[in-house]
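>
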Amino acid sequence: MMSDESPMKLLNPGPVTLTARVRAALARPDMCHREAEFADMCSRILSKLGAVYPASQAGYTPVLLTSSGTGAVEAMLSVVPRREHAKGTRTLVVANGVYGERAAAMLAAQGKEHDVVSSPWTRPMDLAKVDELLAKGGYAHVFAVHHETTTGRLNDLPALGALCKRHGVKLLLDAVSSFAGEDIRFDEWNLEACAGTANKCLHGVPGIAFVLVAHEVFTARETGATSVYLDLFRYRREQTKGFSPFTQAVHALFALDEALDELAALGGWETRHQKYVALTRQVREGLFALGIQPFLEDADSTGATLSSYRLPRGLTYEALHDHLKRKGFVIYAGQGPFSGEMFRVAVMGDVDATDMTRLLAEVRATMP
Ligand SMILES: *Cc1c(COP(=O)(O)O)cnc(C)c1O
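What follows is the structure, given as structure tokens:
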């Protein structure tokens, strides 16, 4: 049984198990979001967020908002002009999982012209099709998902980014499960904006998400927002002074402030990436030794933060999940058509190799 001293280890793709340091930050003294000390904290967080990828500092502005990661992705789409200002240009969404499909649904909800290049969830992005469509012209933006959490695939952004650059089309990136865990190339990928969240690779708590936006967007264009709340341009205007148009999740910002310091103290995103790679490899090799196969046939395209596996014959997800939960681990189910066939293991947050060794021993105990 669990005791208070050994908290549940969350192996779902966010929220993550907090470190003691980040958890303690939640108890900082209360703060009003209209006071100078709040503006100071926000300005500090914005510059630390910019520093996570030094290559972003010169050209991109972080914008903070109170929402989950989905809210940041939806707010990011306010850089896409509304239909009446779009001058006939469209957005090309590249989808091979839940999150690419969700972005297409957002553009539809915002009444913005778009096309979707879909691949099966088990397959890489269809870059030949993307190339063919971009060559025809008429696109101002490509939208893609960096790490497709549906399957754990790290999409081939170097190749997609090179296509965007060659065709002179700007890239909008859902980096929600990769920001601070994988490499992001701002210039090489022709990136206009990318969306992230506090509670995945940054190891903060849910409630705060953000978008890094190329500076010139705010001067060259009017907002394309189709809602009052998710208007990135409005957040940006207020945040030049450290404030926000609406009440921010103040305590989640305390945690993010601390989590960003912790990330920097531990060596930044590269060190964190290496840690994730080692843990994911340990899990994959340990499960393989038990006869459990990776879900993706091209398992080498799995990213650092999460990996997916086929449930072995004779073991249901519920049986595996419930046993592991009794032993102090939360794993994650498959989505959509794969909900009965797959399980996923994320390695973000305060987990280490000893935890993974224990996890593997408990998986072994459930094997038929
Ligand atoms: C987690 C995630 C999101 C956003 O999910 P929320 O539940 O809204 O935080 C978006 N895209 C990807 C790739 C994700 O992994």
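In my numbering, the protein residues as written are 728 to 1095. The C-beta atom is built at its ideal place from N, Cα and C for all residues, glycine as well. From a predicted model like this one, the values you see are computed outputs, not experimental measurements.
For the beta strand (DSSP E) containing P1021, name the first residue and the last one.
Indexing the sequence shown from 1 puts residue 1021 at position 294. Where P1021 is concerned, there is no enclosing beta strand (DSSP E), given that its DSSP letter is neither H nor E.
> Please determine whether the Cβ atom of P1095 lies at a distance below 7 Å from any heavy atom of ligand 1.
On the sequence shown, position 368 is the one that residue 1095 refers to. No.
> Going by C-alpha to C-alpha distance, which of Y1059, F1056 and F945 sits closest to Y787?
Counting from 1 along the sequence shown, the entry for residue 787 is found at position 60. For the residues Y1059, F1056 and F945, the minimum Cα distance to Y787 belongs to F945.
> Which whole runs of the alpha helix (DSSP H) in the stretch 855-896 are 4 residues long or more, in chain order?
Counting whole runs of 4 or more residues, the stretch 855-896 contains the alpha helix (DSSP H) stretches 884-894.
> Between the stretch 832-841 and the stretch 876-884, do at least 3 Cβ pairs fall closer than 8 Å?
The answer is no - the stretch 876-884 does not touch the stretch 832-841, with fewer than three Cβ pairs under 8 Å.
> If you run the structure through DSSP and keep just helix, strand and coil, what is E794?
Here residue 794 refers to the residue found at position 67 when the sequence shown is read from its first residue. As written in the sequence, residue 794 is Ser, which differs from the Glu given in the question. S794 falls in the coil class under three-state DSSP.
> Leaving out the 5 sequence neighbours to the left and right, which residues in its chain are closer than 7 Å to N687 when beta-carbon positions are compared?
Since the first residue of the chain shown is 728 and the last is 1095, residue 687 is not available in this structure.
> At which residue ranges does the stretch 763-795 contain complete alpha helix (DSSP H) runs of 4 or more residues, listed in the order of the chain?
You should have 763-779.
> When you compare only the Cα positions, how much space is there between H760 and L1047?
Locating residue 760 in the sequence shown gives position 33, counting from the first residue. Locating residue 1047 in the sequence shown gives position 320, counting from the first residue. Cα to Cα, the separation comes out at about 44 Å.
> Do you know how far the Cα of L957 is from the Cα of E801?
Locating residue 801 in the sequence shown gives position 74, counting from the first residue. Locating residue 957 in the sequence shown gives position 230, counting from the first residue. Rounded to whole angstroms, E801 to L957 spans 7 Å at the Cα level.
> Any idea what DSSP makes of M728, helix, strand or coil?
One-based indexing of the sequence shown puts residue 728 at position 1. Confidence is the limiting factor: at M728 the pLDDT is only 43, short of 50, which leaves the residue's position unreliable, though a coordinate-based value still follows. Residue state, collapsed to three classes: coil.
> So which of R1008, S904, F1070 and K897 has the shortest CA-CA distance to S1035?
Looking up residue 1035 in the sequence shown gives position 308. With distances taken between Cα atoms, S1035 lies closest to F1070.
> Below 7 Å, is the gap between the Cβ of T998 and the nearest heavy atom of ligand 1?
By 1-based counting over the sequence shown, the position of residue 998 is 271. No, ligand 1 has no heavy atom inside 7 Å of this Cβ.
> Just the Cα atoms here: how many angstroms apart are P734 and A747?
Position 7 of the sequence shown holds residue 734. Position 20 of the sequence shown holds residue 747. So the alpha carbons of these two residues sit roughly 11 Å apart.
> Where does the unbroken alpha helix (DSSP H) through E1045 begin, and where does it stop?
What you label residue 1045 is simply residue 318 of the sequence shown in a count that begins at 1. Unbroken alpha helix (DSSP H) run through E1045: Y1044 to R1053.
> Just checking, does the stretch 958-975 make contact with the stretch 834-852 on the three C-beta pairs under 8 Å criterion?
Output reads no: the stretch 834-852 does not touch the stretch 958-975.
> When every heavy atom of ligand 1 is checked, does at least one fall within less than 7 Å of the C-beta of V869?
Locating residue 869 in the sequence shown gives position 142, where the first residue counts as 1. V869 Cβ: outside cutoff for every heavy atom of ligand 1.
> For K736, write down the residues that DSSP places opposite it in a beta bridge.
Here residue 736 is taken as the residue at index 9 of the sequence shown, counted from 1. Looking at the DSSP assignment, K736 forms a beta bridge with F1056.
> Under 8 Å between the Cβ atoms of V896 and V869?
Locating residue 896 in the sequence shown gives position 169, where the first residue counts as 1. Locating residue 869 in the sequence shown gives position 142, where the first residue counts as 1. Result yes, Cβ atoms of V896 and V869 sit closer than 8 Å.
> Would you say H978 and L773 are within 8 Å of each other, going by their C-beta atoms?
Within the sequence shown, the letter at position 251 stands for residue 978. Within the sequence shown, the letter at position 46 stands for residue 773. No, the Cβ-Cβ distance between H978 and L773 is not below 8 Å.
> May I ask you to check if the CB of S1035 is nearer than 7 Å to at least one heavy atom of ligand 2?
Ligand 2 is not part of the structure shown, which contains ligand 1 as its ligands.
> For a quick check, are the C-beta atoms of M1075 and G923 less than 8 Å apart?
Within the sequence shown, the letter at position 348 stands for residue 1075. Within the sequence shown, the letter at position 196 stands for residue 923. No, Cβ-Cβ distance for M1075 and G923 is not below 8 Å.
> Would a C-beta distance cut-off of 8 Å place S805 and F960 closer than the cut-off?
In the sequence shown, counting from the first residue as 1, residue 805 sits at position 78. In the sequence shown, counting from the first residue as 1, residue 960 sits at position 233. It is a contact, given that the beta carbons lie within the stated cut-off.
> Could you spell out where the alpha helix (DSSP H) holding A1005 opens and where it closes?
Here the question's residue 1005 lines up with position 278 in the sequence shown. Where A1005 is concerned, the enclosing alpha helix (DSSP H) stretches over G995 to A1016.
> If you follow the beta strand (DSSP E) that H812 is in, where does it begin and where does it stop?
By 1-based counting over the sequence shown, the position of residue 812 is 85. Run containing H812: none; DSSP gives neither H nor E here.
> Please report the residue range of the alpha helix (DSSP H) in which D842 lies.
Mapped onto the sequence shown, residue 842 falls at position 115. Here D842 belongs to no alpha helix (DSSP H); instead the beta strand (DSSP E) covers H841 to S845.
> Alpha carbon to alpha carbon, how far is L1051 from V1090? Give it in angstroms, no decimals.
The residue given as residue 1090 occupies position 363 in the sequence shown. The residue given as residue 1051 occupies position 324 in the sequence shown. Those two C-alpha atoms are separated by around 7 Å.
> Between the Cα of G1067 and those of P885, T1081 and R1040, spot the shortest distance and give me the residue it belongs to.
In the sequence shown, residue 1067 corresponds to position 340, counting from 1. Of P885, T1081 and R1040, the residue nearest in Cα terms is R1040.
> Identify every residue that forms a DSSP beta bridge with A920.
The residue you call residue 920 lines up with position 193 of the sequence shown. DSSP lists L899 and V940 as partners of A920.
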